[in-house]
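Here's the structure we're looking at; comments come further down.
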Amino acid sequence: MNFSIVKDEGIVLSYSGLYDKTKVMSPDVIRAGDQYRLYYVGTNCPPEKRTDYRLLVACSDDGKKYTKTHKPILDLESETDKHYSPKIIYFNKRYLLYYGLGSNGKYQIAQAVSDDGYSFTKCADCVIDVSAAHKALVHSPKMFVSSGKIHCYYTGSNFPDKIYSKKYPSYEFANQFSLFYSSSFDGKHFAKGRKVHISDSSHFVNIYGHNVYYCNDLVYLFFAGFDGSTNSIYVTTSSDMIHFEKPRLLLSPNPENNELGIYSCSLVQIDKSIFRLFYGVRYFDNRWKIKSVQLRGSNL
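Take a look at the structure:
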């Protein structure tokens, strides 16, 4: 299948709410019956800071215009906590929320559960922790379910220091993230992570902000790749879930619209060949909004 952009649908969610006065980012969109739900990260912190990140949700009947609920789906347990990169799946008749949890300088992947998809209860233990393969932090769990098994792609890094852009040297962009793959049959216990290999990707300093789609025995990986200058979204495929083909550029930021970089993304299928890609955009004032484009998938 080849994905191509059909239509730029513009901004679908902006900052200005009770918990997201400066940033909305890290979208994860699902369809629950006739409703679209956009789970995201919001904060009121100063634009140049990264604190007070909470997980929020907005709803839509058409997938284009979203109404915020203005209530965290999972609140912070302490003032130093940060919640990152939500992913929602419906598994064994419950909504499972996976997210990056930053607390006291440590970053893990945590889980929470819900019966309705709005109010979540955090599970006691993290599901993926730091290890020798990613001893600094783990982040951004994104998964799909196939044949009763959860396939999870997440980011990890051994280098917590920030990387700055060659094109925009006053802006930091990355943490030298790599992608890892794990799996689980119960949603709680995940196998040891294996590093993902993407062909011809040595020019990427950072790979994250990803989303995965599974179709016809192929994994389609959408990711934000940082080439040392800026972040753009690329797409690639794998037949064995570990080794991916050479990625193709799909979407780049537009500096004329004050867009500094594109980060996290989420793909939703509308019908057989039409999809909608949601993604977070960072602007030069360090504020964030969520936009979308309509995609067509050929050769399904």
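The sequence shown begins at 230 in our numbering and counts up one residue at a time.
In this text, a Cβ means the ideal position worked out from N, Cα and C, and glycines have one as well.
Here the structure is a predicted model, which is why all the values come from computation and not from measurement.
Q. Looking at C-beta atoms only, is the number of pairs between the segment 388-406 and the segment 370-378 that lie closer than 8 Å three or more?
A. For the pair of segments examined, the segment 388-406 was found not to touch the segment 370-378: the number of CB pairs separated by less than 8 Å stays below three.
Q) What's the call for R477, buried or exposed, on a 16-neighbour Cβ count within 10 Å? A) R477 sits exposed, since fewer than 16 C-beta atoms from the chains shown fall within 10 Å of its C-beta.
Q: Check each candidate in I234, Y295, Q340 and M470 and name the one with the smallest Cα separation from L447.
A: Cα-wise, what sits closest to L447 is M470.
Q.
Using a 10 Å radius around the Cβ and a threshold of 16 neighbouring Cβ atoms, would you call Y442 buried or exposed?
A. Counting the other Cβ atoms within 10 Å of the Cβ of Y442 gives 16 or more, which makes it buried.
(Q) For V367 and Q405, which I take to be in contact (beta-carbon distance under 8 Å), what is that distance rounded to the nearest angstrom? (A) A Cβ-Cβ separation of about 13 Å leaves V367 out of contact with Q405 under the 8 Å criterion.
Q: Starting from the N-terminal side, write out each stretch of the beta strand (DSSP E) that is 3 residues or longer and does not extend beyond the segment 286-338.
A: Listed in chain order, they are 311-320 and 323-332.
Q: May I ask you to list the residues that DSSP assigns as paired with S245?
A: In the DSSP secondary-structure assignment, S245 is not bridged to any residue.
Q | Coarse secondary structure for N486, derived from DSSP in three states | A | Reduced to three states, the DSSP call for N486 is helix.
Q.
On the DSSP bridge list, what partners appear for C381?
A. Residue pairing of C381 in beta bridges, as defined by DSSP: M372 and S411.
Q) Whole-angstrom Cβ separation of V235 and L524, contact assumed at under 8 Å? A) Between V235 and L524 a beta carbon distance of about 6 Å is seen, short of the 8 Å cut, so the two are scored as contacting.
Q: Answer with buried or exposed for A453, where buried requires no fewer than 16 other C-beta atoms within 10 angstroms of its C-beta.
A: Sixteen is the threshold: when 16 or more other Cβ atoms of the shown chains lie within 10 Å of the Cβ of A453, as they do, the residue is buried.
Q) Should R360 be labelled buried (16 or more other beta-carbon atoms within 10 Å of its own) or exposed? A) Per the sequence shown, residue 360 should be read as Ser rather than Arg. With a 10 Å radius around the Cβ and a threshold of 16 neighbouring Cβ atoms, S360 comes out exposed.
Q. Looking only at its own chain, which residues have a Cβ that is under 8 Å from the Cβ of I436, when we skip the five neighbours before and after it?
A. Here I436 has T384, F406, S407, L408, I427, S430, F452, A453, G454 and F455 as same chain residues with Cβ atoms under 8 Å from its own Cβ, once five neighbours each way along the sequence are excluded.
Q. For the putative contact between T251 and T280, defined by C-beta atoms under 8 Å, what is the C-beta separation to the nearest angstrom?
A. Contact doesn't hold; Cβ gap of about 11 Å is too wide.
Q: Have a look at S289 and V258 and give me their C-alpha separation to the nearest angstrom.
A: CA-to-CA, the gap between S289 and V258 works out to about 10 Å.
**Q.** Pairwise C-alpha distance: H439 and C494
**A.** Between C494 and H439, the C-alpha separation is close to 6 Å.
Q) Helix or strand or just coil, what does DSSP make of E401? A) E401 falls in the strand class under three-state DSSP.
Q | Cβ-heavy atom distance, K335 to the ligand NAD, below 8 Å | A | The ligand NAD is absent from the structure shown, which contains no ligand whatsoever.
Q: Mind listing, in chain order, the continuous alpha helix (DSSP H) runs of no fewer than 4 residues lying wholly within the segment 402-477?
A: Taking 4 residues as the minimum length, the segment 402-477 contains no alpha helix (DSSP H) run wholly inside it.
Q) DSSP state of T272, grouped into three classes? A) Reduced to three states, the DSSP call for T272 is strand.
Q.
Let me confirm a value: K501 is counted as buried when at least 16 other C-beta atoms fall within 10 Å, else exposed. Which label applies?
A. Under the 10 Å beta carbon count, K501 is surrounded by fewer than 16 other beta carbons and is classified as exposed.
Q: Give every residue of the same chain whose Cβ lies closer than 8 Å to the Cβ of T296, excluding the five residues on either side of it in the sequence, and list them in chain order.
A: Correct list, in chain order: A287, C288 and S289.
Q | V497 to R511 span [Cα, whole Å] | A | Rounded to the nearest angstrom, the gap between the Cα atoms of V497 and R511 is 21 Å.
Q | Alpha carbon of K311 to alpha carbon of K475, nearest angstrom | A | For the pair K311 and K475, the Cα-to-Cα distance works out to about 34 Å.
Q. What residues in its chain sit with their C-beta under 6 Å from that of F373, if we drop five residues either side in the sequence?
A. Around F373: H380, V441 and Y443.
Q | Simplified DSSP state of P389, which is helix, strand or coil | A | DSSP places P389 in the coil class of the three-state scheme, outside both helix and strand.
Q) DSSP beta-bridge partners for F507? A) Bridge partners of F507: S495 and S521.
Q) What is the rounded straight-line gap between the Cα of Y282 and the Cα of P256? A) Rounded to the nearest angstrom, the two C-alpha atoms are 13 Å apart.
Q. Which value, in whole angstroms, describes the spacing of the CA atoms of F473 and S467?
A. In this model, F473 and S467 are separated by some 4 Å (Cα to Cα).
Q. Among Y347, G292 and T309, which has the Cα closest to the Cα of K300?
A. The shortest C-alpha separation from K300 is found at Y347.
**Q.** Which of helix, strand or coil DSSP assigns to G239
**A.** Note: G239 maps to strand in three-state DSSP.
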